[in-house]
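>
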Amino acid sequence: MIYDWVFAVHEHVAFTAFDTETTGLKAEEDRIIEIGAVKFDQKGIIARFSTLIFPDRAIPPDVSKINHITDDMLVNKPRFCEIVLDFSRFIKGTVLVAHNANFDVEFLNAELSLCKKQPLSHKVVDTYAMAQAVFPGLGRHQYRLQNLALQFGLTVHAAHRAEDDARVCMELFTTMIAHHAKQNGHCVNHAQSPTIKKLIQEIQASSTDCSQELF
């Protein structure tokens, strides 16, 4: 695992890689049934968050076939509004990282609205878009999280379960940061990808020390 990022991200910056599992694909109709998250910085993992969530509805059989979450597993689990404060505290002050981030953010904001809470205001990094910028030209399906993990030798223990997908997302993020740095130099001013350059400039306060080695 590479956390010693060449762009000299300040020590006070932390990230939260997260993933959701849902009853379907439409945020305005479906519900979250699992959230997994890993908080980390350049030193390593800080904390983990994982919970199943009772959605007040049955899980469609085709969804259960994908994530292996069943209705029986959600009996007596908390509703989203019961865990929202804990999750909000967990991600407070961090940059969020997710694969195909719009999907997860839309679902979180829909659930927050049902709980009469404000939508997310965090900066969000989409590792799907990031992969397209760092590794252009791959086939469309090759940008899926599990396929990228396979390509870079990242271990997948439980695909389509939120906590493991969040961990894989974190590892993919740090791997891409390292790869991009190795290919383009150690200073953000040398970065060729506008996506990565913009990301680093946003999360980096003012450091101009570009001498730190990655390996």
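Residue numbers for the sequence shown follow UniProt numbering, so the first one is 1 and each next one is one higher. Glycine included, C-beta positions come from ideal geometry on N, C-alpha and C. This one's a predicted model, so the numbers in the text were calculated from it and none came from an experiment.
(1) In three-state DSSP terms, what is I177?
(2) If you count every other CB in all the chains shown that lies within 10 Å of the CB of N76, and 16 or more means buried, which is it?
(3) Which runs of the alpha helix (DSSP H) spanning at least 4 residues fall entirely within the stretch 95–141, listed in chain order?
(4) In terms of residues, what are the limits of the alpha helix (DSSP H) holding K65?
(5) Verify the contact flag: R161, CB atom, against every heavy atom of the ligand ATP, threshold strictly below 7 angstroms.
(6) Let me know if P55 comes out buried or exposed under the rule of 16 or more other beta-carbons within 10 Å of its beta-carbon.
(7) So A149 is in the alpha helix (DSSP H); what residue range does that whole segment cover?
(8) Distance check for A162 and G137, CA to CA, integer angstroms please.
(9) So, helix, strand or coil for A191, using DSSP?
(10) Rounded to the nearest angstrom, how far is the Cβ of V13 from that of V95, given a contact under 8 angstroms?
(11) So for V38, helix, strand or coil by DSSP?
From the atom records:
(1) helix
(2) exposed
(3) 101–114, 127–134
(4) 61–67
(5) What this structure holds is no ligand at all, so the ligand ATP is not there to describe.
(6) buried
(7) 145–151
(8) 28 angstroms
(9) In this prediction, A191 scores a pLDDT of 39, lower than 50, which makes its location untrustworthy; the coordinate-derived value is nonetheless stated afterwards. DSSP places A191 in coil when its eight states are reduced to three.
(10) 7 angstroms
(11) strand
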